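Below: one structure, written as structure tokens.
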Amino acid sequence: MAIHLVGLALLMGVIISIYLPMITQTAKILGSGPMANIPFFAIALVSSIVIAIASGSRTEQFQKVATLPLWLLTAGVMSAGMIIGSSFLIPRIGIGAFFVLLVSGQVLAGMVFGYFGLFGVPASALTVGKVLGALLVIAGVYLVTFK
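Numbered according to the numbering used here, the sequence shown terminates at residue 142, and the numbering increases by one at each position without gaps.
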């Protein structure tokens, strides 16, 4: 795996670690997790459109949006749930436990999705190393979450 891709993935992890607490603060100020989503998604929508247009002519791709299967659009609902969930959980369980649990869920789900080849990802064998890694993740969750 190329080092620049590893660096980019790590940077994305840092960004998530910054923006979820920011959304939590927005929810605190507004007094509502769902309300914190409104400015977040409005700015995300405008930013996405600007980036898409700035990166080249997108007329054909914009027209294809209407042809997307409805089940793929549920990712927007999931995103809203993630934001509302983080603004609810971070003040209650702490940011460290939240992120350890969040990443652990991603690792475990990624193993299942990879094994079965779900959601268009290539199927990959379940190895002893992957199982041991998952067990270490679970042990880490215990240590960080329950001390």
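C-beta atoms are modelled at their ideal positions from N, C-alpha and C, and glycine is treated no differently.
For clarity, every value in this text was computed on a predicted model and none was experimentally measured.
Closest Cα partner of residue i within the set the options
i    : options               : result
L25  : S82, S99, L67         : S82
I133 : V41, L97, P117, V9    : L97
A39  : I78, H(-1), K59       : I78
V139 : G128, I88, K23, M106  : I88
M17  : A4, L6, L3, N32       : N32
F36  : P117, F93, K142, M73  : M73
G128 : Y137, S119, V102      : V102
K125 : F141, P117, M106      : M106
I13  : A104, I90, I46, H(-1) : I90
CB contact below 8 Å: residue i versus chain D
i   : result
I18 : Looking for chain D here will not work: only one protein chain is present.
Buried or exposed by the 16-neighbour rule on C-beta atoms within 10 Å, applied to residue i
i    : result
V95  : buried
F93  : buried
L69  : Here the sequence assigns Thr to residue 69, which means Leu is not the residue at that position. It is exposed - the Cβ of T69 has fewer than 16 other Cβ atoms within 10 Å.
T54  : exposed
T122 : exposed
Contact check, residue i vs residue j, beta carbons under 8 Å
i    : j    : result
P34  : T21  : yes
I85  : L3   : no
S143 : V136 : Examination of residue 143 is not possible in this model, given that the chain is present from -4 through 142 alone.
Can you give, in chain order, each stretch of the alpha helix (DSSP H) that sits fully within the region 53 to 80 and has at least 4 residues? 54 to 59
Stretch pair the region 51 to 71 + the region 101 to 117: three plus CB contacts closer than 8 Å: no
At 3 residues or longer, and completely inside the region 83 to 121: list those beta strand (DSSP E) runs for me, N to C. none
Which runs of the alpha helix (DSSP H) spanning at least 4 residues fall entirely within the region 14 to 49, listed in chain order? 28 to 49
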